[in-house]
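Before any comments, here is the structure.
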Amino acid sequence: MRSGRFVLSLQHKDNDRLDMNKSDSIVIIPTYNERENIEKITRAVFALEKCFHILVIDDGSPDGTAAIVKGLMQDEFADRLFLLERKGKQGLGTAYIAGFKWGLAHGYDYIFEMDADFSHAPSDLPRLYSACADDGYDLAIGSRYVSGVNVVNWPMGRVLMSYFASKYVRFVTGFQVHDTTAGFKCYKRRVLETIDLDAIRFKGYAFQIEMKFTAYKCGFKIKEVPVIFVNRVEGVSKMNSGIFGEAFFGVMRLRWDGWFRKYPKPVDEKTEQTLTN
Ligand SMILES: Nc1nc2c(ncn2[C@@H]2O[C@H](COP(=O)(O)OP(=O)(O)O)[C@@H](O)[C@H]2O)c(=O)[nH]1
Ligand SMILES: [Mg+2]
Numbered sequence: 005m006r007s008g009r010f011v012l013s014l015q016h017k018d019n020d021r022l023d024m025n026k027s028d029s030i031v032i033i034p035t036y037n038e039r040e041n042i043e044k045i046t047r048a049v050f051a052l053e054k055c056f057h058i059l060v061i062d063d064g065s066p067d068g069t070a071a072i073v074k075g076l077m078q079d080e081f082a083d084r085l086f087l088l089e090r091k092g093k094q095g096l097g098t099a100y101i102a103g104f105k106w107g108l109a110h111g112y113d114y115i116f117e118m119d120a121d122f123s124h125a126p127s128d129l130p131r132l133y134s135a136c137a138d139d140g141y142d143l144a145i146g147s148r149y150v151s152g153v154n155v156v157n158w159p160m161g162r163v164l165m166s167y168f169a170s171k172y173v174r175f176v177t178g179f180q181v182h183d184t185t186a187g188f189k190c191y192k193r194r195v196l197e198t199i200d201l202d203a204i205r206f207k208g209y210a211f212q213i214e215m216k217f218t219a220y221k222c223g224f225k226i227k228e229v230p231v232i233f234v235n236r237v238e239g240v241s242k243m244n245s246g247i248f249g250e251a252f253f254g255v256m257r258l259r260w261d262g263w264f265r266k267y268p269k270p271v272d273e274k275t276e277q278t279l280t281n
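All residue numbers for the sequence shown refer to my numbering, where the first residue is 5 and numbers rise by one.
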């Protein structure tokens, strides 16, 4: 009888702990060779007052990034850190699509995109969350260019390219978002339920533009939340000229789509699920 009560109270404690680590939010972090950053960024997210879950999408990083994640899952964060491993580097866009589908299937209401390299400050996650959860926006964008240019330590060439890329996108598409290539975002689940994820074409920066443009064409409410973007201190950038070329021509393709494609209307917010895991 006594030992029965003991087991019961232990189970109770365990459930409390699991409850404490429940979340309506999943932060998707794509990684390719982020050994120096992945543990620190994971800890920084889990140190926030609000509980966020993390899904790492690793493309078979030769530097062993996935093994570090597995170690953290085993040791400390089994109930809030998750890992999707893919074979070989397949690009940011398809990594996020895989992550979006995983996030929807697991019942999360708010699905975030964030880089592993601290260019996106984990401490900005609550502001992106609040824009969607409290202020009623469907998509919140961590934006560098709401007023001026909030980029620290990027080589001038990259700052100019990124800034004018956003101007170029606005000019070609008529889409009034300042930071169109930003990859720091919070989506309400209904945005990702509405957009046909299998019809998203692009993989690099163009992917980021395409997701925002499609959300806008579907009629979702978008908020730019000002953030400061800091160049990575550790590891190396995976940006290359192919990604740039895709974005340059991809934007014209999006303009074309914008004229001729039929975009789905937002799904009813009432279909939103409340988190179960
Ligand atoms: N899974 C996956 N992650 C990627 C790939 N390319 C880049 N990343 C990750 O995407 C994020 C942004 O990439 P980064 O190289 O920092 O791009 P930059 O900030 O534009 O220089 C980082 O967390 C990278 O590790 C890829 O092909 N697959
Ligand atoms: Mg980066």
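Cβ atoms here follow ideal geometry from the backbone N, Cα and C, with glycine treated the same way.
Rounded separation between residue i and residue j - CA only
i	j	result
isoleucine 72	valine 176	43 Å
arginine 162	valine 156	11 Å
lysine 91	tryptophan 106	17 Å
arginine 39	threonine 46	12 Å
arginine 259	isoleucine 101	22 Å
threonine 35	glycine 97	12 Å
phenylalanine 224	leucine 201	16 Å
arginine 205	lysine 221	16 Å
phenylalanine 248	valine 255	11 Å
arginine 265	valine 271	18 Å
methionine 160	aspartate 138	36 Å
serine 29	glutamine 180	27 Å
lysine 269	aspartate 67	43 Å
glutamine 277	aspartate 142	Legend: pLDDT at glutamine 277 = 45, less than 50; position of this residue unreliable, no value from coordinates given.
asparagine 235	cysteine 136	26 Å
phenylalanine 104	leucine 164	31 Å
leucine 14	valine 49	Residue placement at leucine 14 cannot be trusted, given a pLDDT of 46 that sits under 50; what the coordinates show is reported in the next sentence. Cα to Cα, the separation comes out at about 28 Å.
glycine 262	alanine 219	12 Å
serine 241	aspartate 119	11 Å
serine 65	methionine 243	16 Å
aspartate 3	serine 27	With the chain represented from 5 up to 281, any question about residue 3 goes unanswered, as that position is not in the structure.
serine 245	phenylalanine 253	12 Å
glycine 152	glutamate 117	23 Å
glycine 3	isoleucine 226	Shown here, the chain extends from 5 to 281; a query on residue 3 therefore has no answer.
arginine 257	cysteine 190	25 Å
phenylalanine 81	tyrosine 267	39 Å
alanine 32	tryptophan 158	The question names alanine, yet the displayed sequence has isoleucine at residue 32. C-alpha separation (whole angstroms): 24 Å.
leucine 59	alanine 203	23 Å
methionine 215	valine 237	28 Å
Cut-off 8 Å between Cβ atoms - residues of its own chain near residue i, not counting five sequence neighbours on either side
i	result
threonine 185	Ser166, Ala169, Ser170, Val173, Tyr209, Gln212, Ile213 and Ala251
aspartate 128	Gly146, Phe188, Val229 and Val231
leucine 108	Ile115, Arg193, Leu196 and Glu197
proline 130	Leu52, Glu53 and Lys54
histidine 124	Met118, Gly146, Gly187, Phe188, Val231 and Phe233
Nonlocal neighbours in the same chain, by C-beta distance under 7 Å from residue i, ignoring five residues either side
i	result
lysine 74	Leu87
tyrosine 149	Tyr167, Ser170, His182 and Asp183
glycine 239	Asn37, Glu38, Glu40, Asn41 and Asp121
alanine 70	Asp62, Leu87 and Glu89
lysine 207	Gly95, Leu96, Gly97, Thr98 and Glu250
leucine 76	Glu43, Thr46 and Leu85
glutamine 78	none
Collapsed DSSP secondary structure at residue i in the structure displayed
i	result
phenylalanine 264	helix
alanine 238	The question names alanine, but residue 238 in the sequence shown is glutamate. Correct three-state label for glutamate 238: coil.
serine 27	coil
phenylalanine 224	coil
phenylalanine 233	strand
tyrosine 191	strand
threonine 4	With the chain covering only 5 through 281, there is no way to say anything about residue 4.
isoleucine 204	coil
threonine 35	strand
threonine 98	helix
threonine 185	coil
phenylalanine 179	coil
glycine 243	In the sequence under discussion, the amino acid at residue 243 is methionine, which differs from the glycine named in the question. Coil.
valine 271	coil
Spatial neighbours of residue i in its chain, beta-carbon cut-off 6 Å, leaving aside the 5 residues before and after
i	result
arginine 84	Asn25 and His57
asparagine 154	Arg148 and Ile232
proline 126	Ala48 and Val49
isoleucine 199	Thr218
alanine 144	Leu132, Ala135, Cys136, Cys190, Lys227 and Val229
Cβ-heavy atom distance, residue i to ligand 3, below 7 Å
i	result
leucine 96	Ligand 3 is absent from the structure shown, which contains only ligand 1 and ligand 2.
Entirely enclosed alpha helix (DSSP H) segments - the stretch 102-176, minimum 4 residues: 129-137
Quick check on the DSSP output: what are the complete alpha helix (DSSP H) runs of length 4 or more inside the stretch 38-94, in order along the chain? 42-50 and 69-79
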